[in-house]
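Heads up: the structure comes next, in structure tokens.
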Amino acid sequence: MSKMTLTIEGDTHVVITRRFAASPEAVYRAHTEPSLIQKWLLGPDGWTMPVCVNEARPGGTIRYEWTDGKGGGFHLTGEYLELVPFGRIVHLERMHLPDPTPDNRVETRFEQEAAGTLMTMRMTLPNAETRAAMLATGMEHGMEASYVRLESMI
Amino acid sequence: MQNLDTAFSALADPTRRAILARLALGEATVMELANPFEMTQPAVSRHLKVLEGAGLIVRRVEGTKRPCRLAPNGIAAVDQWLAMLREALAQNYNRLDEVLAAMQPETGKDMP
Numbered sequence: 001m002s003k004m005t006l007t008i009e010g011d012t013h014v015v016i017t018r019r020f021a022a023s024p025e026a027v028y029r030a031h032t033e034p035s036l037i038q039k040w041l042l043g044p045d046g047w048t049m050p051v052c053v054n055e056a057r058p059g060g061t062i063r064y065e066w067t068d069g070k071g072g073g074f075h076l077t078g079e080y081l082e083l084v085p086f087g088r089i090v091h092l093e094r095m096h097l098p099d100p101t102p103d104n105r106v107e108t109r110f111e112q113e114a115a116g117t118l119m120t121m122r123m124t125l126p127n128a129e130t131r132a133a134m135l136a137t138g139m140e141h142g143m144e145a146s147y148v149r150l151e152s153m154i
Numbered sequence: 001m002q003n004l005d006t007a008f009s010a011l012a013d014p015t016r017r018a019i020l021a022r023l024a025l026g027e028a029t030v031m032e033l034a035n036p037f038e039m040t041q042p043a044v045s046r047h048l049k050v051l052e053g054a055g056l057i058v059r060r061v062e063g064t065k066r067p068c069r070l071a072p073n074g075i076a077a078v079d080q081w082l083a084m085l086r087e088a089l090a091q092n093y094n095r096l097d098e099v100l101a102a103m104q105p106e107t108g109k110d111m112p
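Order-wise, the sequence lines are chains V and U. Numbering-wise (our numbering), the first sequence opens with residue 1 and increments by one. Numbering-wise (our numbering), the second sequence opens with residue 1 and increments by one.
Encoded structure:
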């Protein structure tokens, strides 16, 4: 069963949805409290986030630094635009690879649904090329994880 | 795919993967591909030749232009990458499920 969906919309959007068996408050906190974020926002196995700055207020800073523990790593910076506690977050973010990618505007909504939460994350990229590049970068990291798994199998 | 080795070596290059990701959004000319990747047109043409040879893209003639689009095999390859991206994200959210489960007993801890 796949609980997550990832779709592209129009020329510049990427929409991700996911359901959680927890309250919108808990899911919102897990997206805004550094000690919680550092436990799950990690990507492929073996990666950690030693630096996690998350100032959950309008104008507040976001900075996530990831490392694979073998000298590899990258970081993301961003700023909060709007926060409605437990319901909605709007922020800007960019990856540094090491040059910064164009700003990605991310709107995340947390909606009560039965006993759980439906999270909808809507990303807006400046243009179709940037979106293609972002998906390609994501694919790179996904592929890397898959190659690592493949290596451990052969 | 007819020749898996050729396809894999074509896919081994990040620029070529990015070009395929761009073509997943629709047909494009060499000039349209060269701009976002900040590459010269001859450099893009070389990558396109490799992709075409691997059966990942097809090109048609339109006057002096030769716009390219994904071959059905190319679409399958990009679908596979999207599936892998989904998998990496899904892994994060599976971890988040565990974090949330551990948080449950704390719910209401701020209540008097």
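Beta carbons are placed, not taken as given, at the ideal position from N, Cα and C, and that holds for glycine. From a predicted model like this one, the values you see are computed outputs, not experimental measurements.
- Contact between R19(V) and L125(V) fails: their C-beta atoms lie close to 25 Å from each other, not under 8 Å.
- Look at the stretch 31-64 of chain V: the residues with a C-beta under 7 Å from a C-beta of chain U are L36, K39, W40, L41, L42, G43 and P44.
- The residue among A133(V), M123(V), A132(V) and Q112(V) with its C-alpha nearest the C-alpha of A21(V) is Q112(V).
- Sequence-distant Cβ neighbours of V90(V) in its own chain, meaning closer than 6 Å and more than five residues away, are L81, E82 and E107.
- Taking all protein chains in view, the Cβ of E129(V) is crowded by 16 or more other Cβ atoms within 10 Å, so the residue is classified as buried.
- Interface residue (Cβ-Cβ distance to chain V less than 8 Å): M39(U) is not classified as such.
- By the beta-carbon neighbour count (other beta carbons within 10 angstroms, threshold 16), T32(V) is buried.
- Each of F110(V), L92(V), G10(V) and P85(V) was checked against the Cα of D103(V), and the nearest Cα belongs to L92(V).
- When the Cα atoms are used, M134(V) and T101(V) turn out to be separated by approximately 8 Å.
- In this structure, the alpha-carbon of G73(V) lies about 31 Å from that of L56(U).
- The DSSP-derived three-state label of V61(U) is coil.
- For A30(V), same chain residues with a beta-carbon under 6 Å away, outside a window of 5 residues either side, are L36 in chain order.
- A34(U) places its beta carbon 8 Å or farther from that of A132(V).
- Counting the other Cβ atoms within 10 Å of the Cβ of N94(U) gives fewer than 16, which makes it exposed.
- One finds L96 and L100 in chain U with Cβ atoms closer than 9 Å to the Cβ of V27(V), taken in chain order.
- Excluding sequence positions up to five before and after R109(V), its CB lies within less than 6 Å of the CB of R88 and T120, all in the same chain and listed in chain order.
- Only residues of its own chain outside the window of five on either side were considered, and among them I8 and M123 have a CB closer than 6 Å to the CB of V14(V), listed in chain order.
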